[in-house]
Every structure is written in C-alpha cells, then in structure tokens.
Amino acid sequence: MGDNDSSSRPFNELDQAKGKRVIIKLKGGEEINGILKSFDQHLNIWLEDADENSAQKSRKLGDVLVRGDNIILISPSK
Amino acid sequence: MGDNDSSSRPFNELDQAKGKRVIIKLKGGEEINGILKSFDQHLNIWLEDADENSAQKSRKLGDVLVRGDNIILISPSK
Amino acid sequence: MGDNDSSSRPFNELDQAKGKRVIIKLKGGEEINGILKSFDQHLNIWLEDADENSAQKSRKLGDVLVRGDNIILISPSK
Amino acid sequence: MGDNDSSSRPFNELDQAKGKRVIIKLKGGEEINGILKSFDQHLNIWLEDADENSAQKSRKLGDVLVRGDNIILISPSK
Amino acid sequence: MGDNDSSSRPFNELDQAKGKRVIIKLKGGEEINGILKSFDQHLNIWLEDADENSAQKSRKLGDVLVRGDNIILISPSK
Amino acid sequence: MGDNDSSSRPFNELDQAKGKRVIIKLKGGEEINGILKSFDQHLNIWLEDADENSAQKSRKLGDVLVRGDNIILISPSK
Amino acid sequence: MGDNDSSSRPFNELDQAKGKRVIIKLKGGEEINGILKSFDQHLNIWLEDADENSAQKSRKLGDVLVRGDNIILISPSK
Numbered sequence: 004m005g006d007n008d009s010s011s012r013p014f015n016e017l018d019q020a021k022g023k024r025v026i027i028k029l030k031g032g033e034e035i036n037g038i039l040k041s042f043d044q045h046l047n048i049w050l051e052d053a054d055e056n057s058a059q060k061s062r063k064l065g066d067v068l069v070r071g072d073n074i075i076l077i078s079p080s081k
Numbered sequence: 004m005g006d007n008d009s010s011s012r013p014f015n016e017l018d019q020a021k022g023k024r025v026i027i028k029l030k031g032g033e034e035i036n037g038i039l040k041s042f043d044q045h046l047n048i049w050l051e052d053a054d055e056n057s058a059q060k061s062r063k064l065g066d067v068l069v070r071g072d073n074i075i076l077i078s079p080s081k
Numbered sequence: 004m005g006d007n008d009s010s011s012r013p014f015n016e017l018d019q020a021k022g023k024r025v026i027i028k029l030k031g032g033e034e035i036n037g038i039l040k041s042f043d044q045h046l047n048i049w050l051e052d053a054d055e056n057s058a059q060k061s062r063k064l065g066d067v068l069v070r071g072d073n074i075i076l077i078s079p080s081k
Numbered sequence: 004m005g006d007n008d009s010s011s012r013p014f015n016e017l018d019q020a021k022g023k024r025v026i027i028k029l030k031g032g033e034e035i036n037g038i039l040k041s042f043d044q045h046l047n048i049w050l051e052d053a054d055e056n057s058a059q060k061s062r063k064l065g066d067v068l069v070r071g072d073n074i075i076l077i078s079p080s081k
Numbered sequence: 004m005g006d007n008d009s010s011s012r013p014f015n016e017l018d019q020a021k022g023k024r025v026i027i028k029l030k031g032g033e034e035i036n037g038i039l040k041s042f043d044q045h046l047n048i049w050l051e052d053a054d055e056n057s058a059q060k061s062r063k064l065g066d067v068l069v070r071g072d073n074i075i076l077i078s079p080s081k
Numbered sequence: 004m005g006d007n008d009s010s011s012r013p014f015n016e017l018d019q020a021k022g023k024r025v026i027i028k029l030k031g032g033e034e035i036n037g038i039l040k041s042f043d044q045h046l047n048i049w050l051e052d053a054d055e056n057s058a059q060k061s062r063k064l065g066d067v068l069v070r071g072d073n074i075i076l077i078s079p080s081k
Numbered sequence: 004m005g006d007n008d009s010s011s012r013p014f015n016e017l018d019q020a021k022g023k024r025v026i027i028k029l030k031g032g033e034e035i036n037g038i039l040k041s042f043d044q045h046l047n048i049w050l051e052d053a054d055e056n057s058a059q060k061s062r063k064l065g066d067v068l069v070r071g072d073n074i075i076l077i078s079p080s081k
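Residue numbers (this note's numbering), protein chains in the order written: chain A, 4 to 81; chain B, 4 to 81; chain C, 4 to 81; chain D, 4 to 81; chain E, 4 to 81; chain F, 4 to 81; chain G, 4 to 81.
Structural data, given as structure tokens:
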C-alpha cells in the first residue's frame, strides 16, 4: 500500500529478525519472549526457547506456535 | 511471508508434533492438554486423550475438536 | 496443513461422531449437549435432542442450530 | 464437510423450520422469538411477529432482521 | 441457503422498508431510529432524520451512516 | 443489495460529505470530529483538523487515519 | 469508494507520513509513538525508535511491528 519497493514492507522487516530473540505482546496481556524461527502471512509465529510472562504467572514454554490474531506487537530485542 | 523455504513455516513445525502431547492455551483462560492427532489451515485441532484445565474446573474430555479461532498458543510438551 | 492424508483432518474425525451424543462448549460459557446430526465448513452444527446448560439455567432445546463461531470445543461423549 | 449428502447440512435442516416459530439466542443475552420467514448464507434472518426478551426488558418487534453474526443458536419451537 | 426464491431473502425484505422509519439496535446498547435511505451487502446503512438513544444520552444525528458490523437487529416501525 | 441504483448506496451518500466536518463515534466510546478528506471500501477514513473527545480526555489530533473497523457511525455535522 | 482519484485515499495520505513520527492509538488503550517506516494493506506497521505508553507503564521498544487489527487511529505528529 503505497509501497512500490517490497523490501520496505513490515513483514520483510520482521524477516530480518529471524534467529533473534523477540518480545511478543498479546491481547490477553501476556508477553511471549523467544527466538523467532518462522512466521506466515497471518503472523502465526513459531518460537524456540520461549517463555510466557504475565501478571499472573511466568513459565518456560520451549517451542511454541503463537496464533497471529492474538498479537498486538512484536519487537526484536535490543 | 519472507519464507522461500516452506519447511520453515509455523504449521510445518507444528506438523512435527503430531502424535505427541501438546498444551493449548485458549482465549477464555482454559488450557487443553492432549495428543495432537490432526489440524487444518484454520488451526482447528483434533486431540486424543485430552483434559481441560481452568481456574474453575478440570475434566477429562477424551477426543476433542478445538476450534482454531480460540487458540492463543500451542506448545509441544517437553 | 501438513496433511497429505485427508482422512486425518479434524473435520473428518468429527464426521465419525455423527449420530452420537456430543458436548459443545460455547464462548459465552454455556454447554450444549445433543446428538450430532450435521455440520458444515464453518462448524455450524445441527443437533437433535439437545439441552443447554449454564451456571444460570438449564433447558431442553430439542432441535437446534449452533452457529460455528461461538464454539470453543466439541467432544463426543464417552 | 464430511457431507456428501447436501440434504443433511445444518442450513437445510433450518430450512424445514420456515413458517414456524423459532427462538434465537443472541450473544448479548437477548432472545428473539418469531416466525422464521427467510435466512441467507451468513445466517441473517428475517422474522415476523417477533418479540425480544432479555433480563432488562421485553418488547414486541413485529418484523425484524437479525444480523447473523450476533446469533448463538436457533431452535424451532416444540 | 435453502432459498430458490430470491424474493424471500432477508435483505429483500429489508428493501421493502426503504423510505420508512426503522429502529436499529447496536451491539454497544444504543438504538438508532431514522428513515432508511439505503444499505449495502455488509448492512452498512444510511439513515435520514436519525436520533441516537442510549441509557447515557439521546441526541439528534440527522443524516448518518451506521457501519453494519455494529448492528444486532433492524426493525421497521409499526 | 436490493439497490439497482448505485447512487443510493451508503458510501455514495457519505461521498457527498467530503470536505465537510463529520462526527465519528468509535467502539471504544471516543468521538472523532474532523474534516472528511477521503475513505476507502473498509471505511478507513482520513480526516484533517481532527479532535478526539472521550469521557477521559480531549485532544487535538490534526491529520488522522481512523481504521474502519472501530467505527460505529459517521454523521455529517448539521 | 466514491474515489476516482486514487491519490486521495486514506492509505495514500498515510504514505506521506513515512519517515516521520506518528502516534498510534491501540484498542487496548496503549499508544505507540515512533518513526513510520512501512505499512501494508492490513495496516500492519513497522516503526523505528518506538515507545509504548499506557496508564500502566512506559517503555522503549526500538524497532516494532504493530499488527494492524489492533489500531484505532494513526496520527502524524505535528
């Protein structure tokens, strides 16, 4: 949309974060933190070495598929 | 999206968990735990030997179809 | 998705439950219990001899169409 | 889905209830009760001689179009 | 769906109410009351001489476009 | 839907309000008030000289894109 | 919709804000503030040098992808 240069699209930017640690904020308030392995056009995401953190609890998830429609934002760790 | 190698997509990763026990976290707060038998492109899932656990109750479900749009995340048991 | 054998898809598994009693858990907290007569690709479901049970009330519905987008899970009775 | 006999689909079953009184339970908790005149593939419904009942109020609606995405279930009156 | 006679579909019934006063109940609890000028396949609606009424307030809107996905039901005034 | 005269559709009516001040009521309770510059088929809207008003706060936004799926209604100022 | 001049569509207006600082208001109440790098047809957005601000907390995010379906409005900073 207004992009004639496909390299500048949001999903192409996220593609640069593969293999790196990302923070994912979910609509339910939880945050998932893990290594970005892959994602698809719905923003379904596969993470490795993932943890879940919320006001209620923290736990280790290991491998996890996060369904894209729950995601508010994804940010590569600095 | 940014994947030219289809083997690296989230649903292909999940495919490796078939026949194994998975934990599914739902939007309503429940968690379903069972053996992953099959899933489709909407992430509708068929589990065997499944249990449902929430703050309110726990129960044995046996076979169960979970509708994909309720799912927050799916994680293969370690 | 990751299924080359169509017989292993969730909706094919559910098809085996036709004519049997199923429990349907809805997003609003109600559960509908009835004999599975038919369903479509949106998981709209037709039940016979159905009851509705919630924390608020229980009632006999008889024949009922349940709109698929309300459904959390469907489990054949054991 | 798993139906090779189209006559057994949920919407075909509902078609048999045309001209009869049905109860429609809505996501907001209201129930609409009226004579089923017609419906479409989104489950938008036209009723005649309809009433709306909720914990808050009851009122006569007469003719009414109910938008399908609000519907939890529809049950023909016994 | 189950209609071979297109004149009996819900939107065709609503078409008969053009030029008449209708009551629209919205998901947020408000009701909009006005003269039905036009609508489209998403049930987006254009009203003239419209009022908005809710438990919180009442106000005159005049011309108004109501986005279809907010609508619970539409009923022509008796 | 039931329109053979395209000039009578809701979005064509809204088109007449371009360049004029409109009030947009959002699902979250806020109202945005500004000059309607453009809109698309999802009812995404571009306003100029816009203000946001809610029970919590009021602020000047200037130019703003409002995503269509948040919109309850749009009414041209009288 | 009612636009024969594509330069006047909302997404084309937003395209003019690339490289500039924008404020994004989300459905959950948070606001994200950052430099608009790119966006797509779903309004998924890539920001650089971004901060998140809510009643609960403020934090620096750096690069971030915001999923479009969470967005209420986007306004270029004045």
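Using N, Cα and C, we set each Cβ at its ideal position, and we do this for glycine too. From a predicted model like this one, the values you see are computed outputs, not experimental measurements.
Please look up how many angstroms separate the CB atoms of D/Ile74 and D/Leu39, rounded, as I've assumed it's under 8 Å. Here residue 74 of chain D refers to the residue found at position 71 of the fourth sequence. Here residue 39 of chain D refers to the residue found at position 36 of the fourth sequence. The Cβ separation is near 12 Å, so there is no contact.
Sorted by chain position, which residues of the same chain lie with C-beta nearer than 8 Å to G/Gln44's C-beta, five sequence neighbours on each side aside? Counted from its first residue, the seventh sequence places residue 44 of chain G at position 41. So the qualifying residues of the chain are Phe14.
Helix, strand or coil for E/Leu64 per DSSP? Against the fifth sequence, residue 64 of chain E aligns to sequence position 61. Strand.
What in chain B is Cβ-close to C/Arg12, meaning under 9 Å? Residue mapping note: residue 12 of chain C aligns to position 9 of the third sequence, counting from 1. Per Cβ cutoff of 9 Å: Ser41, Phe42, Asp43, Asn47, Trp49.
Since A/Glu1 and G/Leu76 are thought to touch, with beta carbons under 8 Å apart, how far apart are those beta carbons, to the nearest angstrom? Not covered by the structure: residue 1 of chain A. The range shown for chain A is 4 to 81.
Suppose you measure from the CA of F/Asp52 to the CA of E/Lys63; what does that come to, to the nearest Å? For the purposes of this step, residue 52 of chain F is taken as the residue at position 49 of the sixth sequence. For the purposes of this step, residue 63 of chain E is taken as the residue at position 60 of the fifth sequence. Computed Cα separation, rounded: 23 Å.
What does F/Ile75 reach in chain E if we use C-beta pairs closer than 8 Å? For this step, residue 75 of chain F is matched to residue 72 along the sixth sequence. The contacting residues are Leu29, Gly31, Glu33, Val69, Arg70, Asn73.
Report all residues from its chain with a CB closer than 6 Å to the CB of D/Lys28; omit the five preceding and five following residues, and keep chain order. By 1-based counting over the fourth sequence, the position of residue 28 of chain D is 25. Excluding positions up to five away in sequence, the list reads Glu34, Ile75, Leu76.
Determine whether the Cβ of C/Asp82 lies closer than 9 Å to any Cβ atom of chain D. Absent from the model: residue 82 of chain C. The displayed extent of chain C is 4 to 81, so no value can be given.
According to DSSP, what are the bridge partners of F/Pro79? The residue given as residue 79 of chain F occupies position 76 in the sixth sequence. F/Val25, per the DSSP bridge assignment.
Nearest CA to the CA of D/Asp66: which residue from D/Asn56, D/Asn36, D/Ala58? Taking the fourth sequence and counting its residues from 1, the one referred to as residue 66 of chain D is at position 63. For D/Asp66, the closest alpha carbon among the candidates D/Asn56, D/Asn36, D/Ala58 is that of D/Asn36.
Span of the beta strand (DSSP E) holding E/Glu33? One-based indexing of the fifth sequence puts residue 33 of chain E at position 30. Premise fails: E/Glu33 is in no beta strand (DSSP E) and is neither H nor E.
Rounded C-alpha distance that separates D/Met4 from B/Gln59: To locate residue 4 of chain D, count along the fourth sequence from 1; it is residue 1. To locate residue 59 of chain B, count along the second sequence from 1; it is residue 56. Confidence at D/Met4 is low in this model, with a pLDDT of 45, below 50, so the placement of that residue is unreliable and no value is reported for it.
At the 9 Å Cβ level, is B/Ser78 part of the contact set with chain A, yes or no? The count along the second sequence starts at 1 and reaches residue 78 of chain B at position 75. Yes, B/Ser78 lies at the interface with chain A (some Cβ there is under 9 Å from its Cβ).
Rounded separation between G/Arg100 and G/Val25 - CA only: With chain G running from 4 to 81 in the structure shown, residue 100 of chain G is simply not present.
Neighbourhood of F/Asp6 by C-beta, 6 Å cutoff - its chain only, sequence neighbours within 5 removed: Working through the sixth sequence from its first residue, we reach residue 6 of chain F at position 3. Note that F/Asp6 has pLDDT 45, beneath the 50 cutoff, so the model's placement of it is unreliable and no number is given.
Within-9 Å CB hit, F/Lys63 to chain E: Taking the first residue of the sixth sequence as 1, we reach residue 63 of chain F at position 60. Chain E, which has no Cβ nearer than 9 Å to the Cβ of F/Lys63, makes this no.
Beta-carbon proximity list for G/Lys21, same chain, < 6 Å, skipping 5 on both sides: Position 18 of the seventh sequence, counted from the start, is the residue given in the question as residue 21 of chain G. The residues are Leu39.
With 16 as the cutoff for other CB atoms within 10 Å, does E/Ser78 come out buried or exposed? Translated into positions along the fifth sequence, residue 78 of chain E becomes position 75. By the 10 Å Cβ count, E/Ser78 comes out buried.
Hey, out of F/Asp18, F/Phe42, F/Ser57, F/Lys23, whose CA is closest to G/Gly32's CA? Along the seventh sequence, one-based indexing puts residue 32 of chain G at 29. Minimum Cα distance to G/Gly32 is reached at F/Ser57.
Where do the N-terminal and C-terminal ends of the alpha helix (DSSP H) with F/Asn56 fall, by residue? As a first step, residue 56 of chain F must be located in the sixth sequence, where it is residue number 53. Premise fails: F/Asn56 lies in the beta strand (DSSP E), 48–56, not in any alpha helix (DSSP H).
Cβ distance (whole Å) where A/Ser1 is taken to contact A/Lys23 below 8 Å: With chain A running from 4 to 81 in the structure shown, residue 1 of chain A is simply not present.
E/Lys60 at chain D interface by Cβ criterion, 9 Å: One-based indexing of the fifth sequence puts residue 60 of chain E at position 57. With respect to chain D, the C-beta atom of E/Lys60 has no partner C-beta closer than 9 Å.
Using a Cβ cut-off of 7 Å, pull out every chain D residue sitting near E/Lys81, in sequence order please. As a working note, residue 81 of chain E is residue 78 in the fifth sequence. Within 7 Å Cβ-Cβ: Gly65.
Starting from D/Asn15, follow the alpha helix (DSSP H) in both directions and report where the run begins and ends. The sequence position of residue 15 of chain D within the fourth sequence is 12, counting from 1. In the DSSP annotation of this structure, the continuous segment of the alpha helix (DSSP H) that includes D/Asn15 starts and ends at 13–18.
Find the nearest neighbour of G/Gln19 within the set F/Trp49, F/Gln19, F/Asp18, judged by alpha-carbon distance. Here residue 19 of chain G refers to the residue found at position 16 of the seventh sequence. Closest by C-alpha distance to G/Gln19, out of F/Trp49, F/Gln19, F/Asp18, is F/Trp49.
Roughly how many angstroms separate the alpha carbons of G/Gly71 and G/Glu55, rounded to a whole number? Within the seventh sequence, the letter at position 68 stands for residue 71 of chain G. Within the seventh sequence, the letter at position 52 stands for residue 55 of chain G. Distance between the alpha carbons of G/Gly71 and G/Glu55: 16 Å.
C-alpha gap between A/Phe42 and F/Phe42, whole angstroms: Within the first sequence, residue 42 of chain A is the residue found at index 39, counting from 1. Within the sixth sequence, residue 42 of chain F is the residue found at index 39, counting from 1. Pairing A/Phe42 with F/Phe42, the inter-Cα distance amounts to about 31 Å.
Would DSSP call G/Ile74 helix, strand or coil? Against the seventh sequence, residue 74 of chain G aligns to sequence position 71. Reduced to three states, the DSSP call for G/Ile74 is strand.
Please report the straight-line C-alpha distance between F/Lys30 and D/Lys30, rounded to a whole angstrom. In the sixth sequence, residue 30 of chain F corresponds to position 27, counting from 1. In the fourth sequence, residue 30 of chain D corresponds to position 27, counting from 1. If you take the alpha carbons of F/Lys30 and D/Lys30, they lie about 17 Å apart.
Shorter than 9 Å from the beta carbon of B/Asn36 to some beta carbon of chain A? Position 33 of the second sequence, counted from the first residue, corresponds to residue 36 of chain B. B/Asn36 does not count as touching chain A.
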